[in-house]
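J.: Next up is a structure, given as structure tokens.
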Amino acid sequence: MIRSRAEEAQIAPSLLATHADVQLLVQRHAAGNAADLPILQGWRRKIAGNDLVALLEGRASVEIDPARGCVRLRSTNDTGG
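Written as structure tokens, this is what we have:
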């Protein structure tokens, strides 16, 4: 998802978040102390942070958009109809 969001924003994925950044988010979110991480601040939060939190909280899932050939987020409340 980071790569897809970075492509949409026309930036390098590593500027948005590294693999280690995402791992740290997962660990710290589970412990309830992730708010100060860069991925959850400012422009990074707008581009990908909110979506990552939604995934971690079970409010969204990731799927492949076959028409566009990219990853997209789907709300768990989305019935698809």
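One point on numbering: in the numbering used here, the residue at position 41 of the sequence shown is 24, and numbering is uninterrupted.
Using N, Cα and C, we set each Cβ at its ideal position, and we do this for glycine too.
1. Can you tell me whether L20 is buried or exposed, with buried defined as 16 or more other CB within 10 angstroms of its CB?
2. For R28, which residues in the same chain have their Cβ closer than 8 Å to its Cβ, ignoring the five residues on either side in sequence?
3. With DSSP as the reference, please indicate the residues paired to E40 in a beta bridge.
4. Are H12 and L39 touching if we call contact CB-CB under 8 Å?
5. Using DSSP's beta-bridge definition, name the partner residues of L56.
T.: Checking against the coordinates, here is how it stands:
1. Counting from 1 along the sequence shown, the entry for residue 20 is found at position 37. Buried.
2. Locating residue 28 in the sequence shown gives position 45, where the first residue counts as 1. Excluding the 5 residues flanking it on each side, R28 has same chain C-beta neighbours closer than 8 Å at I22, in chain order.
3. Counted from its first residue, the sequence shown places residue 40 at position 57. Partner(s): none; E40 has no beta bridge.
4. In the sequence shown, counting from the first residue as 1, residue 12 sits at position 29. In the sequence shown, counting from the first residue as 1, residue 39 sits at position 56. Yes, Cβ-Cβ distance for H12 and L39 is below 8 Å.
5. As a first step, residue 56 must be located in the sequence shown, where it is residue number 73. Paired residues: V45.
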